[in-house]
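Colleague: Chains as they are written, first to last, in this note's numbering: chain A, 31 to 80; chain B, 294 to 528; chain C, 8 to 228.
Glycine included, C-beta positions come from ideal geometry on N, C-alpha and C.
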Amino acid sequence: MIDPASPYLSYVAAAYGACAVVLGGMTWRAWRGWRRVRDAWDRVQRRDRP
Amino acid sequence: MEPARFVALCGRVLPFAVALAVAMLAAGLLFSLALSPADYQQGESVRIMYVHVPAAWMALFVYALVAVLGGVGLAFGHALAFHAARAAAPLGAAFALLCLVSGSLWGKPMWGAWWVWDARLTSMLLLFFLYLGQIALSGAFDRQARGDRAAAVLALVGCVNLPVVKFSVDWWHTLHQPASVFKFGGPSIDPSMLLPLLLMAGAFKAVFFALWLIRTRTAVAASRVAAARLAGGAR
Amino acid sequence: MNAFLSVLGRDLRLACRDGAGAWMVLGFFAVGVAVFPLGIGPEPQVLARVAPGVLWAMALLSAMLSFDALFEDDFRDGSLEPMLTGALAPETLVLAKALSHWLVTGLPLCLAAPLLGFLLHLPHAAMPVLFVSLLLGTPALSLLGTLGAALALGARRATVLLALMVLPLAAPVLIFGAGAVDLAVAGLAPGSPLLILGGMALALLAVCPVAAAAALRQAVE
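1. Give the secondary structure of Gly370/B by DSSP, where H, G and I count as helix, E and B as strand, and everything else as coil.
2. Compare the C-beta of Phe43/C with all C-beta atoms of chain B and state if any pair is closer than 8 Å.
3. Is the shortest distance between the beta-carbon of Gly63/A and the beta-carbons of chain B less than 8 Å?
4. What three-state label does DSSP hand Asp33/A in the structure shown?
5. Work out the CA separation of Leu318/B and Phe497/B for me, nearest whole Å.
6. In the DSSP assignment, what residue or residues form a beta bridge with Gly336/B?
7. Between Ala503/B and the rest of its own chain, which residues show a CB-CB distance below 6 Å, the 5 nearest in sequence each way excluded?
8. Judging by CA-CA distance, which residue of Ala316/B, Leu326/B, Val450/B is the nearest neighbour of Pro489/B?
9. Residues of chain A with a CB under 8 Å from the CB of Ile507/B: which are they?
10. Tyr46/A: which of Val513/B, Met493/B, Ala519/B sits nearest, CA to CA?
11. Nearest chain C C-beta to Gly451/B closer than 8 Å, yes or no?
12. Going straight from the alpha carbon of Leu143/C to that of Ser397/B, what length do you get?
13. With a threshold of 6 Å on Cβ separation, who are the neighbours of Leu362/B within its own chain once the five nearest residues in sequence on each side are excluded?
14. For Arg65/A, collect the residues of the same chain with a Cβ closer than 6 Å to its Cβ; drop the 5 residues on either side in sequence, then sort them by chain order.
15. Taking C-beta pairs closer than 9 Å, name the residues in chain C that Trp408/B reaches, listed in chain order.
16. So with Cβ pairs under 8 Å, would you call Phe207/C a contact of chain B?
17. Nearest CA to the CA of Cys215/C: which residue from Ile507/B, Thr509/B, Val450/B?
18. If we cut at 8 Å on Cβ distances, does Val355/B have a partner in chain A?
19. So Gly47/A is in the alpha helix (DSSP H); what residue range does that whole segment cover?
20. Let me know the secondary structure DSSP gives Leu313/B once reduced to three states.
21. Which residue's Cα is closest to the Cα of Phe501/B: Ser431/B, Asp463/B, Ala382/B?
22. Closer than 8 Å, Cβ to any Cβ of chain A: which residues of the stretch 393-404 of chain B, in chain order?
23. Any Cβ of chain C within less than 8 Å of the Cβ of Ala433/B?
24. In whole angstroms, what is the alpha-carbon distance linking His128/C and Gly28/C?
25. Give the residues of chain B in contact with Met71/C, contact being defined as C-beta atoms less than 7 Å apart.
26. Ser73/C by DSSP, collapsed to three states: which one?
27. Confirm, please, whether the CB-CB distance from Leu67/C to Leu148/C is below 8 Å.
28. If you compare alpha carbons, which of His108/C, Gly206/C, Leu181/C, Ala37/C is closest to Leu126/C?
29. With a cut-off of 8 Å on the beta carbons, I'd call Leu430/B and Ala443/B a contact; round off their distance for me.
30. Can you give me the C-alpha to C-alpha distance between Leu223/C and Pro97/C, rounded to a whole angstrom?
31. Where do the N-terminal and C-terminal ends of the alpha helix (DSSP H) with Pro216/C fall, by residue?
32. Figure out for me which residue from Arg436/B, Val394/B, Phe324/B, Ala386/B has the closest Cα to the Cα of Tyr356/B.
33. Residues of chain B with CB under 8 Å from Ala159/C, in chain order?
34. Can you give, in chain order, each stretch of the alpha helix (DSSP H) that sits fully within the stretch 430-516 of chain B and has at least 4 residues?
35. Would you mind stating whether Val61/C and Phe43/C have Cβ atoms separated by less than 8 Å?
36. Whole angstroms is fine: what's the gap from Thr415/B's alpha carbon to Phe183/C's?
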């Protein structure tokens, strides 16, 4: 278990925070990109297969 | 593969990929933060390794993947390979950036400086710049097909160049050896630290796979939509 | 071979007629090197310490500036496409372009660098090593830049893009080139980095024409 009194705690927290920001940011961007194209894609699909 | 079938397939695989990524990440975080000991030398700061090292592995793995996909695309002309390569490259750049940031956060308590021109950090910095060039080139043309093909050639050349970069940076580092640096990462690693490391590596790979699936699906759908718009405009 | 020589001759004639290009690259090199003492200060020891790196980095940047025009003019006026579809192999065209670029900018950089070395108080013993390292390294830069120019042909903001792509790829050339001069300044034998530099130039001679030819075919498609 991580020791809350460790002098390195802030560095560890910052590293895992950076990890969360990068992974979260990538997820947000990927999902936003899909949401933007989804409606247009569905319309094209409906037109292709009525 | 036909766009409609690929998008449908992605939709079916994606829930499992996301579930796997979340489960792996939860297990990895549990072991790296709670169920592993502090290092006798580095104390709690060793936990940064469980982010830093997997991020470095992913950055290298994704670069190789982009090069392989580019090669497949150039050799067989599969549009899907180019879409997948374009979807993967920014993810690899993000992992390289995460590796640099976590390395800097590890370096401050261990080396006493936010940045040290350590051989490994310097190679990773160059890899990050290679990614930037890769992404800039693939987006620099009005015709996406041209950008895809140019980026594929660059990725193949960059992949051949990567061992040369590594070798040259190692040589450079021995030439300009700093007075004293804290050497981390011994020849062997304790099993109690290997397990969280491997779990986090698996988690990063699973997260990458899920995001790559989403981004490739987006790229495939977007190019189909753009083609339909062009056809609609011509009619 | 004839086709190679005719492309080379044509490019050299074009470069001579518009002689400003090579002089401007040399001017940039000289001004860029001269800016460093203004920023760092005039102490001879400090300048001598940074001279190998400054000269090599500036040579790299100067070479980088001159690549965007390599194929651009032929591409714009439409003469590139018949060149590629004609009897000439695209690889040969790339080699001729790289050689003409080296003759017009690389060789003058090699010749000018020792003179600028005096300005930076580079020890005299290191001058021949500086010259030889540039003589081996600038062809490698020309080949890499030719590849970059072929890849970025027709791109938006091609000059910046080219630098962003090629500079990380050129890092090993810079490291061994400046490293060889550093060793010479320290009084050590610079043989091994020079050999590696030559090896890299030969490897790029094998890789770059093929890759650049592929990029050129894509550009005129």
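Modeller: On the basis of the supplied data:
1. coil
2. no
3. yes
4. coil
5. 7 Å
6. Asp332/B
7. Ala310, Val311, Ala314
8. Leu326/B
9. Ala60, Trp61, Gly63, Trp64
10. Met493/B
11. yes
12. 36 Å
13. Ala374, Ala377, Ala378
14. none
15. Chain C residues near Trp408/B: none, gap ~17 Å exceeds 9 Å.
16. The sequence given here places Met at residue 207/C; Phe does not occur at that position. So, interface residue.
17. Val450/B
18. no
19. 39-78
20. helix
21. Ala382/B
22. Val394, Ser395, Leu398, Trp399, Lys401, Pro402
23. yes
24. 28 Å
25. By Cβ distance, chain B contributes nothing, its closest Cβ being about 13 Å from Met71/C, past 7 Å.
26. coil
27. yes
28. Ala37/C
29. 6 Å
30. 8 Å
31. 198-227
32. Ala386/B
33. Leu430, Ala433, Ala443
34. 437-468
35. yes
36. 15 Å
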